[in-house]
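Undergrad:
Chains as they are written, first to last, in the working numbering: chain Y, 5 to 203; chain F, 10 to 194.
(1) Quick check on residue 138 (chain F): buried or exposed, where buried means 16 or more other Cβ atoms within 10 Å of its Cβ?
(2) On the three-state DSSP scale, how would you describe residue 132 (chain Y)?
(3) Should residue 70 (chain F) be flagged as near chain Y, meaning a C-beta pair shorter than 8 angstroms?
(4) Along the chain, where does the beta strand (DSSP E) that runs through residue 120 (chain F) open and close?
(5) Contact between the stretch 12-22 of chain F and the stretch 161-173 of chain Y is defined here as three or more beta-carbon pairs at a separation below 8 angstroms; is this criterion met?
(6) Would you check if the stretch 191-198 of chain Y and the stretch 16-24 of chain F touch, i.e. whether three or more CB-CB distances between them fall below 8 angstroms?
(7) With a threshold of 8 angstroms between beta carbons, is residue 146 (chain Y) in contact with chain F?
(8) Beta carbons nearer than 7 angstroms to chain Y: which residues of the stretch 37-64 of chain F have them?
(9) Is there at least one Cβ from chain F nearer than 8 angstroms to residue 121 (chain Y)'s Cβ?
(10) Which runs of the beta strand (DSSP E), 3 residues or longer, sit entirely within the stretch 37-91 of chain F?
(11) Among the residues of its own chain, which have a CB less than 7 angstroms from the CB of residue 146 (chain F), if the five just before and after it don't count?
(12) Flag this pair as yes or no: are the beta carbons of residue 102 (chain F) and residue 77 (chain F) separated by less than 8 angstroms?
(13) Mapping the DSSP letters down to three states, classify residue 104 (chain Y) as helix, strand or coil.
(14) Report whether the distance from the Cβ of residue 62 (chain F) to the nearest heavy atom of the ligand MG is below 7 angstroms.
(15) List, in order along the chain, the chain Y residues whose C-beta lies closer than 7 angstroms to that of residue 75 (chain F)?
(16) Since residue 150 (chain Y) meets chain F, which of its residues come closer than 7 angstroms, beta carbon to beta carbon?
(17) With a CB to CB cut of under 6 angstroms and the five nearest residues on each side skipped, what residues in its chain are close to residue 94 (chain F)?
(18) Considering residue 163 (chain F), what are the terminal residues of the beta strand (DSSP E) in which it resides?
(19) What does the alpha-carbon distance come out to for the pair residue 44 (chain F) and residue 174 (chain F)?
(20) Work out the CA separation of residue 156 (chain Y) and residue 137 (chain Y) for me, nearest whole Å.
(21) Among Y:176, Y:181, Y:169 and Y:146, which residue has its Cα nearest to the Cα of residue 92 (chain F)?
(22) If we define contact as Cβ-Cβ less than 8 angstroms, is residue 141 (chain Y) a contact residue for chain F?
(23) Going by C-alpha distance, which of F:188, F:168 and F:154 is nearest residue 181 (chain F)?
(24) Which residue comes first and which comes last in the alpha helix (DSSP H) that contains residue 125 (chain Y)?
(25) Residues in the same chain with beta-carbon distance under 8 angstroms from residue 184 (chain Y), minus the five sequence neighbours each way, listed in chain order, please.
(26) If we call anything under 8 angstroms between Cβ atoms a contact, is residue 135 (chain Y) one with residue 201 (chain Y)?
(27) Got a sec, what are the start and stop residues for the alpha helix (DSSP H) residue 176 (chain F) sits in?
(28) What does the alpha-carbon distance come out to for the pair residue 130 (chain F) and residue 141 (chain Y)?
(29) With a threshold of 7 angstroms on Cβ separation, who are the neighbours of residue 9 (chain F) within its own chain once the five nearest residues in sequence on each side are excluded?
(30) Is DSSP giving residue 71 (chain Y) helix, strand or coil here?
(31) Excluding the 5 residues preceding and the 5 following residue 153 (chain Y) in the sequence, name in chain order all residues of the same chain whose CB lies nearer than 6 angstroms to its CB.
(32) Less than 8 angstroms between the C-beta atoms of residue 149 (chain F) and residue 161 (chain F), yes or no?
(33) In this structure, how does DSSP classify residue 157 (chain Y) when only helix, strand and coil are distinguished?
(34) Going by Cα to Cα distance, which pick from F:158, F:52, F:186 and F:188 is closest to residue 178 (chain F)?
(35) Can you name, in chain order, every residue of its own chain whose Cβ lies under 7 angstroms from the Cβ of residue 185 (chain F), other than the five neighbours on each side?
Below you can see the structure in the form of structure tokens.
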């Protein structure tokens, strides 16, 4: 009885081993076939495949070239936009300054106004408000008048440079909006200004 | 304008601030000043015959008086390089104004006969916007003497007894004393 059991066990092990061997062999065959198929494809396509492979390279090269052009165009566009934004900020941030109790334009103020005229001519759809400001010395009423004259002087200069007066509004804030509220000459100098706001 | 429904105002539509006489509807009756430079802050004399104003016609802002009928102009201030904001006393004999010297803004008063300015405020921040009491004994004005914030003050016409009238939130400025004391019931 015991012998029979052992024989069955041995047989089961042998059968299992046979199965494992067969499955491994199949795997190898499949693997080989794939390899052969791959090789065949490569092999048969040697003549025609060369041209296929060449077309792919040209297309890739074209795609790369196109990508480069696109990138360049995008860079140029971004650069142009950055320049436009920078020019706009410069236009708005650069004030002109005046001497105490004066609305006369200095040579520096005229230079800045010429630059502003160029920007205004390049951006013909934009209108601006020229704000006249004063330092705190002087009475409220007088400084309102002085601020108006400062804004008016800047407007007249821009108009003479060819900018349409209809695009140039003026307002006086007198001494009401100082940039620096300190009571020093430096603060007074900063506050005596015309500011240019894009509408 | 005392006794009449007219007003004076500085208009800049010509590109130059000038003083005009207007109806209460804003129609121009006549142009009072005609000079290159700022002309602002018109103040009628109590009898309505003259007008005081600040003008830069001589290069620096000074107080002038003009006869409305004859158009004769008289310069009132000669001392100092920046005199503005005239305020005529109720009796018509004095004008208070604001003068700037060494960056100090102060209130002065000048008798029209004497032509001598008397400084009423000094070393107490910026002092502006003088306005007379109806009896001419006091002036109200704006001063920044308390922490640099504009507040409304009063003082005697001689400059004595200066004291703050109000202390509210924010800034207080440009007081104007009513010409009638009124009666309290």
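The beta carbon of each residue, even a glycine, is placed where N, CA and C say it ideally should be.
TA: From the atom records:
(1) By 1-based counting over the second chain, the position of residue 138 (chain F) is 129. So residue 138 (chain F) ends up on the buried side.
(2) In the first chain, counting from the first residue as 1, residue 132 (chain Y) sits at position 128. Of the three classes helix, strand and coil, the one that applies to residue 132 (chain Y) here is strand, per DSSP.
(3) For the purposes of this step, residue 70 (chain F) is identified with residue 61 of the second chain, where counting begins at 1. Closer than 8 angstroms to some Cβ of chain Y, the Cβ of residue 70 (chain F) qualifies, so yes.
(4) Locating residue 120 (chain F) in the second chain gives position 111, where the first residue counts as 1. Residues 113-120.
(5) Between the stretch 12-22 of chain F and the stretch 161-173 of chain Y there are fewer than three inter-stretch CB-CB distances shorter than 8 angstroms, so the stretches are not counted as touching.
(6) Between the stretch 16-24 of chain F and the stretch 191-198 of chain Y there are fewer than three C-beta pairs closer than 8 angstroms, too few to call the two in contact.
(7) Position 142 of the first chain, counted from the first residue, corresponds to residue 146 (chain Y). Chain F contact via Cβ: present.
(8) Listed by position along the chain: 47, 49, 50 and 63.
(9) Taking the first residue of the first chain as 1, we reach residue 121 (chain Y) at position 117. So no, residue 121 (chain Y) is outside the interface.
(10) Listed in chain order, the beta strand (DSSP E) elements of length 3 or more contained wholly in the stretch 37-91 of chain F are 37-40, 48-53, 59-64, 71-76 and 82-84.
(11) Within the second chain, the letter at position 137 stands for residue 146 (chain F). So the qualifying residues of the chain are 165 and 166.
(12) Within the second chain, numbered from 1, the residue matching residue 102 (chain F) stands at position 93. Within the second chain, numbered from 1, the residue matching residue 77 (chain F) stands at position 68. Taking 8 angstroms as the Cβ cut-off, residue 102 (chain F) and residue 77 (chain F) do not qualify as a contacting pair.
(13) Within the first chain, numbered from 1, the residue matching residue 104 (chain Y) stands at position 100. Here residue 104 (chain Y) carries a coil assignment [DSSP, helix/strand/coil].
(14) Looking for the ligand MG in the displayed structure turns up nothing, as the structure carries no ligands at all.
(15) The residue labelled residue 75 (chain F) in the question sits at position 66 within the second chain. Taking a Cβ-Cβ cut-off of 7 angstroms, residue 75 (chain F) has no neighbours in chain Y, whose nearest Cβ is about 17 angstroms from it.
(16) Numbered from its first residue, the first chain carries residue 150 (chain Y) at position 146. What residue 150 (chain Y) touches in chain F: 47.
(17) In the second chain, residue 94 (chain F) corresponds to position 85, counting from 1. Excluding positions up to five away in sequence, the list reads 50, 106 and 107.
(18) Translated into the one-based positions of the second chain, residue 163 (chain F) becomes position 154. Segment 160-165, the beta strand (DSSP E) holding residue 163 (chain F).
(19) Here residue 44 (chain F) refers to the residue found at position 35 of the second chain. Here residue 174 (chain F) refers to the residue found at position 165 of the second chain. Cα to Cα, residue 44 (chain F) sits roughly 39 angstroms from residue 174 (chain F).
(20) To locate residue 137 (chain Y), count along the first chain from 1; it is residue 133. To locate residue 156 (chain Y), count along the first chain from 1; it is residue 152. About 12 angstroms.
(21) The residue given as residue 92 (chain F) occupies position 83 in the second chain. Per the Cα distances, Y:146.
(22) Counted from its first residue, the first chain places residue 141 (chain Y) at position 137. It does; some Cβ of chain F falls within 8 angstroms.
(23) Here residue 181 (chain F) is taken as the residue at index 172 of the second chain, counted from 1. If we check each option's Cα against that of residue 181 (chain F), F:154 comes out closest.
(24) The count along the first chain starts at 1 and reaches residue 125 (chain Y) at position 121. Counting along the chain, the alpha helix (DSSP H) containing residue 125 (chain Y) begins and ends at 111-126.
(25) Taking the first chain and counting its residues from 1, the one referred to as residue 184 (chain Y) is at position 180. Excluding positions up to five away in sequence, the list reads 190, 191, 194 and 195.
(26) As a first step, residue 135 (chain Y) is located in the first chain; it is residue number 131 there, counting from the start. As a first step, residue 201 (chain Y) is located in the first chain; it is residue number 197 there, counting from the start. With a cutoff of 8 angstroms on beta-carbon distance, residue 135 (chain Y) and residue 201 (chain Y) are scored as near each other.
(27) Numbered from its first residue, the second chain carries residue 176 (chain F) at position 167. DSSP places residue 176 (chain F) in no alpha helix (DSSP H); its state is neither H nor E.
(28) Reading the second chain from its first residue, position 121 is the one you call residue 130 (chain F). Reading the first chain from its first residue, position 137 is the one you call residue 141 (chain Y). Approximately 16 angstroms between the Cα atoms of the pair.
(29) Here chain F has residues from 10 to 194 only, and residue 9 (chain F) is not among them.
(30) Walking along the first chain from the start, residue 71 (chain Y) turns up at place 67. DSSP places residue 71 (chain Y) within a helical segment (H, G or I) once states are collapsed to three.
(31) Looking up residue 153 (chain Y) in the first chain gives position 149. Here the set comprises 107.
(32) Taking the first residue of the second chain as 1, we reach residue 149 (chain F) at position 140. Taking the first residue of the second chain as 1, we reach residue 161 (chain F) at position 152. Their beta carbons are under 8 angstroms apart, which means residue 149 (chain F) touches residue 161 (chain F) by this criterion.
(33) One-based indexing of the first chain puts residue 157 (chain Y) at position 153. Secondary structure at residue 157 (chain Y): helix, using DSSP grouped into helix, strand and coil.
(34) Mapped onto the second chain, residue 178 (chain F) falls at position 169. Of the listed residues, the one whose Cα sits closest to residue 178 (chain F) is F:158.
(35) The residue given as residue 185 (chain F) occupies position 176 in the second chain. Same-chain partners within the cutoff: 140.
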